[in-house]
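As structure tokens, the structure follows; a few thoughts come after it.
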Amino acid sequence: MTRRATPIAVLISGRGSNFEALHQATEEGRLPARIVLVLSNVASAAGIEHARSLGLHTAVVPSRGAESRAAHEVRVREEIEQSGAEWICLAGYMRLLSEEFVAAFPNRILNIHPSLLPSFPGLDVQQAALDHGVRISGCTVHLVDAGLDSGPIVGQRAVDVRSGDDAASLARRILRQEHELYADALGRLLTEDWRIEGRRVLFGPEAGIERAD
Ligand code: GAR
812 MTRRATPIAV LISGRGSNFE ALHQATEEGR LPARIVLVLS NVASAAGIEH
862 ARSLGLHTAV VPSRGAESRA AHEVRVREEI EQSGAEWICL AGYMRLLSEE
912 FVAAFPNRIL NIHPSLLPSF PGLDVQQAAL DHGVRISGCT VHLVDAGLDS
962 GPIVGQRAVD VRSGDDAASL ARRILRQEHE LYADALGRLL TEDWRIEGRR
1012 VLFGPEAGIE RAD
């Protein structure tokens, strides 16, 4: 049986390397998804240019100068709904989503963050991790709620902090793990049985779901 490719939207604000990693995973058949929209809130985002060059459907909905956060979100929602996307992947999308937005796509929005959450949410997290003296950092893919980098955790990868690391070197090694983790985590959600219990995302037998086939 060939699995249907789930339509996904990827939201970015900048470089877009996680978008590229997701795209590559779809192209290589490692992720049963197809990117139907790449949306940026920043017109100059490098990732949007790259998405255009790949022939993907793109949209820029500038947040700067928008009438209000609510008005901006309405436009973003329209783009997503028109694209037919069933999942939304935030990939360096530097906007907090409102409760209304999150409620419009219940448990269908994912985010990737460059720390082992719940440690170090927010910005400049590699520097914060180094300043705190952690020995291990990493990255997290989680379902999105209206909080800051909160929401049930789908997957994590650990990265050792090395002596001599600065924020840039740590960020580079974490980013390599991000690129693998994002496609893996989304792939599991698209192909396995899962449910949420409290804050936990339970997969397969752990979720108490028996497959009929
Ligand atoms: C990534 O490191 C991602 O984890 C982070 O922004 C970077 C975007 O890079 N996201 C967050 O900090 C969200 N809280 P990219 O544009 O190359 O994918």
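Take the sequence shown: its letters are residues 812 to 1024, numbered as in my numbering.
For every residue, glycine included, the Cβ atom is placed at its ideal position computed from N, Cα and C.
From a predicted model like this one, the values you see are computed outputs, not experimental measurements.
C-beta neighbour in chain D for Glu839, strict 8 angstroms = Of the chains in the structure shown, none is chain D; there is only one protein chain.
Where Val952 and Glu878 are concerned, what is the direct C-alpha to C-alpha distance, given to the nearest angstrom?
-> In the sequence shown, residue 952 corresponds to position 141, counting from 1. In the sequence shown, residue 878 corresponds to position 67, counting from 1. Straight-line measurement puts the Cα of Glu878 at about 31 angstroms from the Cα of Val952.
Kindly provide the ranges of any beta strand (DSSP E) runs that are 3 or more residues long and lie completely inside the region 931-1015, ordered along the chain.
-> 947-954, 964-971, 1005-1008 and 1011-1014
Answer yes or no: the CB of Pro925 versus the heavy atoms of the ligand PLP, is any distance below 7 angstroms?
-> By its list of ligands, the structure shown excludes the ligand PLP, since it contains just the ligand GAR.
For His868, which three-state DSSP category applies?
-> As a position in the sequence shown, residue 868 is number 57, starting the count at 1. Looking at His868 - three-state DSSP - the assignment turns out to be coil, as it is neither helix nor strand.
Nearest-angstrom Cα separation, counted from Gly944 out to Phe912 | The sequence position of residue 912 within the sequence shown is 101, counting from 1. The sequence position of residue 944 within the sequence shown is 133, counting from 1. Their Cα atoms are separated by approximately 36 angstroms.
What span of residues does the beta strand (DSSP E) with Leu833 cover, start to end?
-> Reading the sequence shown from its first residue, position 22 is the one you call residue 833. First-last for Leu833: Ser828 to Glu838, but that is the alpha helix (DSSP H), not the beta strand (DSSP E).
With distances taken Cα to Cα, identify the nearest neighbour of Leu986 among Val970, Ala996, Arg999 and Ser974.
-> Along the sequence shown, one-based indexing puts residue 986 at 175. The shortest Cα separation from Leu986 among Val970, Ala996, Arg999 and Ser974 belongs to Val970.
Report buried or exposed for Glu994, applying the criterion of at least 16 other Cβ atoms within 10 angstroms of its Cβ.
-> One-based indexing of the sequence shown puts residue 994 at position 183. Here the sequence assigns Ala to residue 994, which means Glu is not the residue at that position. Under this definition Ala994 is a buried residue.
With respect to 7 angstroms, is the separation between the Cβ of Phe912 and the closest non-hydrogen atom of the ligand GAR below this value?
-> Along the sequence shown, read from residue 1 onward, the residue named residue 912 stands at position 101. When distances are taken from the beta-carbon of Phe912 to the heavy atoms of the ligand GAR, even the shortest one reaches 7 angstroms or more.
Where does Ser894 sit, in a helix, a strand or coil, going by DSSP?
-> Within the sequence shown, the letter at position 83 stands for residue 894. Here Ser894 sits in helix by DSSP.
Verify the contact flag: Phe931, CB atom, against every heavy atom of the ligand GAR, threshold strictly below 7 angstroms.
-> The count along the sequence shown starts at 1 and reaches residue 931 at position 120. No, the Cβ of Phe931 stays beyond 7 angstroms of every heavy atom of the ligand GAR.
With which residues is Ile920 paired in a DSSP beta bridge?
-> Position 109 of the sequence shown, counted from the first residue, corresponds to residue 920. Ile920 is bridged to Ile899.
Taking the CB atoms as reference points, tell me whether Glu1003 and Gly1015 lie closer together than 8 angstroms.
-> Position 192 of the sequence shown, counting from 1, holds the residue named residue 1003. Position 204 of the sequence shown, counting from 1, holds the residue named residue 1015. Yes, Cβ-Cβ distance for Glu1003 and Gly1015 is below 8 angstroms.
Pair within 8 angstroms by beta-carbon distance, Ile819 and Ala857 | Here residue 819 refers to the residue found at position 8 of the sequence shown. Here residue 857 refers to the residue found at position 46 of the sequence shown. No, these two residues do not count as a Cβ contact at 8 angstroms.
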